[in-house]
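**Student:** The letter at position 74 of the sequence shown is residue 73 when you use numbering that gives the first Met the number 0, and the numbering goes up by one with no holes.
Beta carbons are placed, not taken as given, at the ideal position from N, Cα and C, and that holds for glycine.
None of the values given here were measured: they were computed from a predicted structure.
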Amino acid sequence: MISHAKALCIVPGRAGVALLLLLGLSLLVARPVRGAELIPSVGLTKSVNGDADAKVFGGIALRGDLLPFLKDEIGISYRSETVDGGLLKTRMWPVTASLWLQPVPLLYGGAGVGWYNVTYDYNQAVLGSAVQDETKQQFGVHVGGGMRVPIAPSAALDLSGRYVMMRDQRSVLVPQHFNPDFWTASLGLAFRF
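Structural data, given as structure tokens:
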């Protein structure tokens, strides 16, 4: 009987702790919005192992204020490039999450993580049907920073740069291993709402 009584006391205790944790998380999620921004952007991207020219990419991000000096950001973009002399074209849709420290109103820097959906399109005219196109999901991390230039009470230019690091990838082409790291530089227009 005593063991059942102890078990009954433990369950409400754990439920109470879980309830307090849930309440605390809901307070964080339900915090008042202190300045969310929508940032469409266009920029240049260049792979570490890619062809010589940088390529144009586009993206959109949602940035919010966690603290007066700390910003959170979720973004999505699209980039494409040709590697190995035209034998392979990669298309990438990165979905990223970042934390930016903003020590002064004009400058920010930080890091984040991303999920990268990558499609490898092999040149079938040259390689034949023996090599099939494929799509993979990869994880990566990035570091970067930027500068914000106010142009109106609720708008600012957002100049940013990032270096994205990913695990080395395998290819059916020679060389069989390649470094998929890349950098980006972008110009966006931040709309505060």
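#1: May I have the straight-line CA-CA distance separating Val-103 from Phe-68, to the nearest angstrom?
#2: In angstroms, rounded to a whole number, what distance separates the CA positions of Trp-114 and Phe-190?
#3: In this structure, what does DSSP give as the bridge partners for Ile-38?
#4: Are at least three pairs of beta-carbons, each pair with one atom in the region 119-133 and one in the region 93-108, less than 8 Å apart?
#5: Taking the straight line between their C-alpha atoms, what separation do you get for Ser-199 and Asp-52?
#6: Return helix, strand or coil for Leu-22, following the three-state DSSP convention.
#7: State the CB to CB distance for the pair Ser-40 and Asp-157, rounded to an integer number of angstroms; the pair is presumed to be in contact (CB under 8 Å).
#8: Quick one: grab the DSSP three-state call for Phe-181.
#9: Kindly indicate which three-state DSSP category Gln-123 falls into: helix, strand or coil?
#10: For the putative contact between Val-125 and Leu-86, defined by C-beta atoms under 8 Å, what is the C-beta separation to the nearest angstrom?
**Tutor:** Checking against the coordinates, here is how it stands:
#1: Taking the sequence shown and counting its residues from 1, the one referred to as residue 103 is at position 104. Taking the sequence shown and counting its residues from 1, the one referred to as residue 68 is at position 69. Distance between the alpha carbons of Val-103 and Phe-68: 8 Å.
#2: Residue 114 sits at position 115 when you count from the first residue of the sequence shown. Residue 190 sits at position 191 when you count from the first residue of the sequence shown. Each residue's Cα considered, the two are about 25 Å apart.
#3: Against the sequence shown, residue 38 aligns to sequence position 39. DSSP output for Ile-38 lists Ala-60 as bridge partner(s).
#4: no
#5: Because the chain is modelled from 0 through 192, residue 199 falls outside the range shown and cannot be assessed.
#6: Counted from its first residue, the sequence shown places residue 22 at position 23. Low per-residue confidence applies at Leu-22: pLDDT is 49, beneath 50, and the placement is therefore not dependable, though the value from the model is reported in the following sentence. In the structure shown, Leu-22 sits in a helix (DSSP, three-state: H, G or I).
#7: To locate residue 40, count along the sequence shown from 1; it is residue 41. To locate residue 157, count along the sequence shown from 1; it is residue 158. Rounded, the Cβ-Cβ distance is 7 Å, consistent with contact.
#8: As a working note, residue 181 is residue 182 in the sequence shown. Of the three classes helix, strand and coil, the one that applies to Phe-181 here is strand, per DSSP.
#9: Your numbering for residue 123 matches position 124 in the sequence shown. Reduced to three states, the DSSP call for Gln-123 is helix.
#10: Position 126 of the sequence shown, counting from 1, holds the residue named residue 125. Position 87 of the sequence shown, counting from 1, holds the residue named residue 86. With a Cβ gap of about 6 Å, Val-125 and Leu-86 count as contacting.
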